[in-house]
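Asker: Sharing a structure here in structure tokens format.
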């Protein structure tokens, strides 16, 4: 005998499936639009677009590699600085502040406030406050003392990959820490109690049982933060110097895929505009690629180690 | 089995919704939607794809294009003008001025509303070509490629509506510790070499040779950091145009000017978005120099972070930009001759016109105009009359409203050219203005 769902449930199911399919349709539609817009540029430049190093619109020499490099480098700096901090904040709030719940809420709210600040304001603050501070108190000393390392070998101007990475780190901390906090708070107490009963210290409990249990969620936060770092536009444009450059020197001006689009789309036309749209397409695929890579790594890590509760 | 039916139903619903949206969009684009919600009860399509003057069956021209005869040299637009909404899109250089013009024009002609979208010159020209706006606006005249992309049978009129100048702005601590004030001398060749990266320090002999001995001695050995706009801009277009004329090395390295020029890589350079970004970058770095719009300087009188220098004109005089010498440049440049409104303005440049003029001692050499673009044949009398009325007002009465923001009023000879151009706008074969 077949079981027939009540009509309300059927409608709900249709609506929910429709919503999911709609999201997929938007993503596919976006990809199609990007491809259509960049068709002219793909025809004109082919694969040399991905390999060349010069961006000279008036001479029709256009290539995306410096911008891909800029996006990856600034996002890497942002993750290196921001992930440990956000993890630390999340662990602190969810583990150490268990007995001071209100303070935990307050601290969490303050961190979330960082996410409410518009990107442009971060950029303005970066230009007038962060750049002079970073340049005079961080970059110049680093350059003087560790200048032999290629990372710090350039003459610091303040408008460089490093500053952009720092601002990106500040911008992705609230996202990552909020998700990590939520993930850590749903780790069942049985895990912690089991560790404590074996004589573990606070740090050992966190390190050996809570964090591994929440590993997939933390990874999800990591990917979320990385995604935000890839796409962040205004704040990066205002502090990165906007000079296409491929160099290991962190103190050199650079450009990212999104900063290029923000700067040059309005004034572009013809093949040039098509090339800018192709940059958007590349950003789309770079983000997709990194996302898949992260999820693949996560799958490798958690394969066979799922904790059943 | 039931769940597959549900999934199929959901997919069908999605396809229907998306298909409906596409169908609506494609249907309405072939029937030329009116992008302007006009106050009249009829939805008048403003530009049909065929530029023949056929109006939609529902449009009723409510105002006659004849004008009351007055003996003034300024063509008087029709006194009874129908309500209309004008949409324009274009460069960012004139955007602050537009926001002054809009309310002022609304007071004079309350039935016309003007909307301006500063999307950038390139996007403005694109929208103008697609006929989704009533007028376009651009910081650089249309290129040959853009002219050929216009719909066949249409002619674009180019109308200079305002002007701006570019000054070399710097932030420099002198040897004696004080900040270098306004008035450091520059020539086009020296500026080109600075931005090419061949001159790298402030005490380079080439820079020192241009100054008086006491100033030259004060120039420190600080490294030069060059700053320019990272986004497209009419002021960069003018600056690069000037550098190209001043230095053949620059011209061969960088090529022709554009609103997004291909800046050469100098050892220490930064690009920042918008005028404010460039000014911010200059003000935070000792030894920075960059091209800045005169509007920023004139608007922010009394600021002490950014100073600007003189530029030598072709007569050999070092000129510190101000409203008077910018207008003199516009005057001299227009006297050489500007194209007719409906002709091609590709390559027209005040800078080119005054370059090499060894007798004009009072002109400032880096001056650029910004242009409105209007179709010569209008397809709707309400929109056509409104456009002509608005353009005529901003060219004749609106010029002085911008002086507080650092915009220079167009001199009389350019206003005369614009008025002659506005007389070329026609509807149904007759000129809207007489």
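Protein chains in written order, with our numbering: chain C, 244 to 552; chain H, 342 to 775. Glycine included, C-beta positions come from ideal geometry on N, C-alpha and C.
1. At the level of alpha carbons, what is the spacing between residue 531 of chain H and residue 540 of chain H?
2. State the Cα-Cα distance for the pair residue 262 of chain C and residue 536 of chain C, rounded to the nearest angstrom.
3. Could you tell me the distance, in whole angstroms, from the CA atom of residue 730 of chain H to the CA atom of residue 460 of chain H?
4. To which residues of the same chain is residue 370 of chain C closer than 7 Å at the C-beta, ignoring the five residues directly before and after it?
5. For residue 671 of chain H, tell me which candidate among H/545, H/625 and H/752 has the shortest Cα-Cα distance.
6. Does residue 514 of chain H come within less than 8 Å of chain C when only Cβ atoms are used?
7. For residue 469 of chain H, is the classification buried or exposed, using 16 other Cβ atoms within 10 angstroms of its Cβ as the cut-off for buried?
8. Quick check: does the Cβ of residue 439 of chain C come within less than 7 Å of any heavy atom belonging to the ligand GTP?
9. Could you tell me which chain H residues have their CB closer than 8 Å to the CB of residue 302 of chain C, listed as they occur along the chain?
10. Suppose the cutoff is 7 Å on Cβ atoms and the five residues either side in sequence are ignored; what does the same chain contact list for residue 395 of chain C look like?
11. Beta-carbon of residue 330 of chain C versus every beta-carbon of chain H: anything under 8 Å?
12. For residue 256 of chain C, decide whether its Cβ has a neighbour in chain H, counting only Cβ atoms nearer than 8 Å.
13. Would you say residue 407 of chain C faces chain H, with C-beta separation under 8 Å as the test?
14. Using a Cβ cut-off of 8 Å (strictly closer), state whether residue 524 of chain H contacts chain C.
15. In angstroms, rounded to a whole number, what distance separates the CA positions of residue 372 of chain H and residue 315 of chain C?
16. Measuring straight from C-alpha to C-alpha, what distance separates residue 294 of chain C and residue 506 of chain C?
17. What's the call for residue 284 of chain C, buried or exposed, on a 16-neighbour Cβ count within 10 Å?
18. Leaving aside the five residues before and after residue 536 of chain H along the sequence, list all residues of the same chain whose C-beta is less than 6 Å from its C-beta, in chain order.
19. Mark residue 346 of chain H as exposed unless 16 or more other C-beta atoms lie within 10 angstroms of its C-beta, in which case mark it buried.
20. Going straight from the alpha carbon of residue 292 of chain C to that of residue 300 of chain C, what length do you get?
21. Which chain H residues are close to residue 506 of chain C, counting only those with a beta carbon under 7 Å from its beta carbon?
22. Going straight from the alpha carbon of residue 394 of chain H to that of residue 769 of chain H, what length do you get?
23. Out of C/271, C/306 and C/264, which one is the CA nearest neighbour of residue 488 of chain C?
24. Around the C-beta of residue 733 of chain H, are 16 or more other C-beta atoms found within 10 angstroms, so that it is buried, or is it exposed?
25. State the start and end residues of the unbroken alpha helix (DSSP H) segment that holds residue 354 of chain C.
26. I'd like to know whether the C-beta of residue 471 of chain H is nearer than 8 Å to at least one C-beta of chain C.
27. Residue 435 of chain C lies in the beta strand (DSSP E); which residues open and close that run?
28. Quick check: the Cα distance between residue 368 of chain C and residue 476 of chain C, rounded to an integer number of angstroms?
29. Is there a Cβ from chain H that is less than 8 Å from the Cβ of residue 374 of chain C?
30. Considering only residues of the region 433–506 of chain C, which uninterrupted alpha helix (DSSP H) runs meet the minimum length of 4 residues and lie entirely inside it, listed in chain order?
31. At a CB-CB cut-off below 9 Å, which residues of chain H make contact with residue 285 of chain C?
32. Would the region 319–339 of chain C and the region 400–415 of chain C be scored as touching if the rule is three or more Cβ pairs under 8 Å?
33. By DSSP's criteria, residue 630 of chain H is part of a beta bridge. Which residues make up the other side?
34. Please tell me whether residue 455 of chain H and residue 503 of chain H are closer than 8 Å, where the distance is taken between their beta carbons.
35. Here's the rule I'm using: 16 or more other beta-carbon atoms within 10 Å means buried, otherwise exposed. How should residue 509 of chain C be labelled?
36. Between which two residues does the alpha helix (DSSP H) carrying residue 508 of chain C extend?
Answerer: Reading off the structure:
1. Working through the second chain from its first residue, we reach residue 531 of chain H at position 190. Working through the second chain from its first residue, we reach residue 540 of chain H at position 199. Approximately 8 Å between the Cα atoms of the pair.
2. Taking the first residue of the first chain as position 1, residue 262 of chain C is located at position 19. Taking the first residue of the first chain as position 1, residue 536 of chain C is located at position 293. Between residue 262 of chain C and residue 536 of chain C, the C-alpha separation is close to 26 Å.
3. Residue numbering aside, residue 730 of chain H sits at position 389 when the second chain is read from its first letter. Residue numbering aside, residue 460 of chain H sits at position 119 when the second chain is read from its first letter. Approximately 24 Å, taken between the alpha carbons.
4. One-based indexing of the first chain puts residue 370 of chain C at position 127. Excluding residues within five positions, the ones whose Cβ falls inside 7 Å are 481 and 482.
5. The residue given as residue 671 of chain H occupies position 330 in the second chain. Checking every option, the nearest Cα to that of residue 671 of chain H belongs to H/752.
6. Along the second chain, read from residue 1 onward, the residue named residue 514 of chain H stands at position 173. Not an interface residue.
7. Taking the first residue of the second chain as position 1, residue 469 of chain H is located at position 128. Buried, by the Cβ-count rule.
8. With respect to the ligand GTP, the structure offers nothing, as it holds no ligand at all.
9. Looking up residue 302 of chain C in the first chain gives position 59. The answer, in chain order, is 596 and 603.
10. As a first step, residue 395 of chain C is located in the first chain; it is residue number 152 there, counting from the start. 385, 386, 389, 493 and 494.
11. Along the first chain, read from residue 1 onward, the residue named residue 330 of chain C stands at position 87. Closer than 8 Å: no.
12. For the purposes of this step, residue 256 of chain C is identified with residue 13 of the first chain, where counting begins at 1. Yes, because at least one Cβ of chain H sits closer than 8 Å to the Cβ of residue 256 of chain C.
13. For this step, residue 407 of chain C is matched to residue 164 along the first chain. Cβ-Cβ to chain H under 8 Å: no for residue 407 of chain C.
14. Along the second chain, read from residue 1 onward, the residue named residue 524 of chain H stands at position 183. Not closer than 8 Å to any Cβ of chain C, the Cβ of residue 524 of chain H fails to qualify, so no.
15. For this step, residue 372 of chain H is matched to residue 31 along the second chain. For this step, residue 315 of chain C is matched to residue 72 along the first chain. For residue 372 of chain H, the predicted structure reports a pLDDT of 48, less than 50, and the residue's modelled location is therefore unreliable. The matter cannot be settled from this model.
16. As a first step, residue 294 of chain C is located in the first chain; it is residue number 51 there, counting from the start. As a first step, residue 506 of chain C is located in the first chain; it is residue number 263 there, counting from the start. Roughly 22 Å separates the two Cα atoms.
17. By one-based count along the first chain, residue 284 of chain C stands at place 41. Buried, because 16 or more other Cβ atoms sit within 10 Å of the Cβ of residue 284 of chain C.
18. As a position in the second chain, residue 536 of chain H is number 195, starting the count at 1. Excluding positions up to five away in sequence, the list reads 567.
19. Here residue 346 of chain H corresponds to residue number 5 of the second chain, with the count starting at 1. The residue in question, residue 346 of chain H, is exposed, as its Cβ has fewer than 16 Cβ neighbours within 10 Å.
20. Locating residue 292 of chain C in the first chain gives position 49, counting from the first residue. Locating residue 300 of chain C in the first chain gives position 57, counting from the first residue. Distance between the alpha carbons of residue 292 of chain C and residue 300 of chain C is about 13 Å.
21. Taking the first residue of the first chain as position 1, residue 506 of chain C is located at position 263. For residue 506 of chain C, the chain H residues whose Cβ falls inside 7 Å of its Cβ are 571, 572 and 614, in order along the chain.
22. Here residue 394 of chain H is taken as the residue at index 53 of the second chain, counted from 1. Here residue 769 of chain H is taken as the residue at index 428 of the second chain, counted from 1. Confidence is the limiting factor: at residue 394 of chain H the pLDDT is only 37, short of 50, which leaves the residue's position unreliable, though a coordinate-based value still follows. Approximately 5 Å between the Cα atoms of the pair.
23. For this step, residue 488 of chain C is matched to residue 245 along the first chain. Of C/271, C/306 and C/264, the residue nearest in Cα terms is C/306.
24. The residue you call residue 733 of chain H lines up with position 392 of the second chain. So residue 733 of chain H counts as buried.
25. As a working mapping, residue 354 of chain C is identified with position 111 in the first chain. Residue 354 of chain C -> alpha helix (DSSP H) spans 344–359.
26. Counted from its first residue, the second chain places residue 471 of chain H at position 130. For residue 471 of chain H, the answer is no, since every Cβ of chain C falls outside 8 Å of its Cβ.
27. To locate residue 435 of chain C, count along the first chain from 1; it is residue 192. First-last for residue 435 of chain C: 432–440, but that is the alpha helix (DSSP H), not the beta strand (DSSP E).
28. Against the first chain, residue 368 of chain C aligns to sequence position 125. Against the first chain, residue 476 of chain C aligns to sequence position 233. Computed Cα separation, rounded: 15 Å.
29. Counting from 1 along the first chain, the entry for residue 374 of chain C is found at position 131. Yes - at least one Cβ of chain H is within 8 Å of the one on residue 374 of chain C.
30. 445–448, 458–474 and 477–482
31. Along the first chain, read from residue 1 onward, the residue named residue 285 of chain C stands at position 42. The contacting residues do not exist; residue 285 of chain C stays about 20 Å from chain H at best.
32. yes
33. For this step, residue 630 of chain H is matched to residue 289 along the second chain. Note: residue 630 of chain H sits in a beta bridge opposite H/511 and H/567.
34. The residue labelled residue 455 of chain H in the question sits at position 114 within the second chain. The residue labelled residue 503 of chain H in the question sits at position 162 within the second chain. No, the pair does not count as a contact, with Cβ atoms beyond the cut-off.
35. If you number the first chain from 1, residue 509 of chain C lands on position 266. By the 10 Å Cβ count, residue 509 of chain C comes out buried.
36. Residue numbering aside, residue 508 of chain C sits at position 265 when the first chain is read from its first letter. Segment: none, residue 508 of chain C is in no alpha helix (DSSP H) and carries neither H nor E.
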